[in-house]
Structure formats: C-alpha cells, structure tokens
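Residue numbers (this note's numbering): 1 to 225.
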C-alpha cells in the first residue's frame, strides 16, 4: 500500500503499561486499526512495567490476533521513565509514536500525527483540546505545566501531553535518563536543545476509565534539569 503521508513510511507505536489490563487491549486494537490503513510498515510494542494485575496475560491473548505486536517485560517496576526508555530502545521504524496505556488518549488519533508530518518535522506533539480529568487533576496539571514552562523555558503548548510521534533518528541523538514521569520534561528540553522542529496537533483526552494515575510527584521536576 502507499503511505497515507509519503513522509511517514513506517511507524513503531508503543504503550507503557502498568496495571492496565482493561485498557491496554483497547489501545492496541485502536492503534492497529489506524495504522493498517495509514502506513505500509508498522509495529506495536507494549512495555509492561512490572504489572501486578493481568496485563501481561491480556497482551499475550492478543499475539495471534495482532501479528505486529510484541511485548517488552520488566520483571520489576522501573517507573514511567524506565518504561519509555525501554520502548524507545525497542522501536525499529522510521517514526516512533507513544502514548499511555491507560486509555485517556484515543490511540486511533495517531493518524493526526501521521497527517501532520512535513519534510522537516522532527516531533509531532499533541495538545489536549479539552482535559478530561476531575477538577483537582486539572488544577495540578495547570500548575505543573506553567511551573515547567517558567523553569525551563519550554515552547510547546502542552508539555505534559504524552501523545507524541518522533523521528527515530532524533531519538538516536538523545540520551534519556529520568525514571519518573518527569522524563517528558527532560525529553522536551533535549529535543529543543537539539534544534528539533515541532508540529503541534490537538488530540482528545478523557478521564482515566480504569485504575489510577502513577504520576505527579512534583518534587522530582528539579531533577530533570
């Protein structure tokens, strides 16, 4: 098949997963349905970060149905940053997409990233058109976003939107070290320092349908500098 966008010939899509047994199958299926009609070559990777629920079993049940799927397993929990580092290391395609495995984002909207890419694009960065969280998480998110922008002079619209597609050659030049959720700040800072060209796209966001968030340890922000 011809690629939907000639600038995007292959995609690695990965999902960090921690106790997401109910949502991760939905994310994998949505991503596959979108990619199979968009790019001629893709892979889907789930990084299980030491889940204590049935996440691994749920993923393994999909292996026959989704031949493009592979699992990276952490025996012990390495943190959100550790899961992202493993996902980027496992990715083999021209572009690397990731979003969280908790179904707050719609994985089928990966096509928005595919469509947005131009010849000089390095990063397609999502921004939440409407944050689908309860009021206190919206307040925390607002404070986090503005604190990060003030401290680090980041220029993207929505730093903590974990819906990104990145040119893999850019990732080859970046070394990530953070193991917590503030890896996203580290990532954005290093992308900007590397002179990356960004395109931003609006994406849907909803309240987490299952489980609870593993993030928002604000004191760790300073360590990303």
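Note that beta-carbon positions come from the ideal geometry of N, C-alpha and C, so glycine has one too.
The model shown is predicted, which means the values in this text are computed figures rather than measured ones.
- Shown here, residue 126 sits in a strand according to DSSP, grouped into three states.
- Looking at 100, 44, 194, the one whose alpha-carbon comes closest to that of residue 63 is 44.
- With contacts defined by Cβ atoms closer than 8 Å, residue 24 and residue 101 form a contacting pair.
- Judged by DSSP in its simplified three-state form, residue 13 adopts strand.
- At a Cβ-Cβ threshold of 8 Å, residue 91 and residue 12 count as neighbours.
- Contact fails between the segment 73 to 83 and the segment 106 to 116, because fewer than three Cβ pairs, one in each stretch, are under 8 Å apart.
- Rounded to the nearest angstrom, the gap between the Cα atoms of residue 94 and residue 178 is 24 Å.
- Annotation: the continuous alpha helix (DSSP H) that includes residue 186 extends over 183 to 193.
- Residue 129 and residue 57 have their C-alpha atoms roughly 34 Å apart.
- Closest in C-alpha terms to residue 69, from the list 199, 27, 52, comes 27.
- Rounded to the nearest whole angstrom, the C-alpha separation of residue 66 and residue 32 is 8 Å.
- Residue 15 places its beta carbon less than 8 Å from that of residue 99.
- Proximity to residue 19 across 51, 196, 188 peaks at 51, based on C-alpha coordinates.
- Taken through DSSP and simplified to helix, strand or coil, residue 71 comes out as strand.
- In the structure shown, the three-state DSSP call for residue 109 is helix.
- DSSP, reduced to helix, strand and coil, places residue 173 outside both helices and strands of the structure shown, so it counts as coil.
- Rounded to the nearest angstrom, the Cβ distance from residue 97 to residue 113 is 6 Å, consistent with a contact under 8 Å.
- Secondary structure note for residue 98: it is in no alpha helix (DSSP H), and the uninterrupted beta strand (DSSP E) holding it is 95 to 99.
- Residue 188 and residue 60 have their C-alpha atoms some 33 Å from each other.
- Here residue 196 is actually not in contact with residue 117; their C-beta atoms are around 13 Å apart, not less than 8 Å.
- Residue 162 is classed as buried because its beta carbon has at least 16 other beta carbons within 10 Å across all chains shown.
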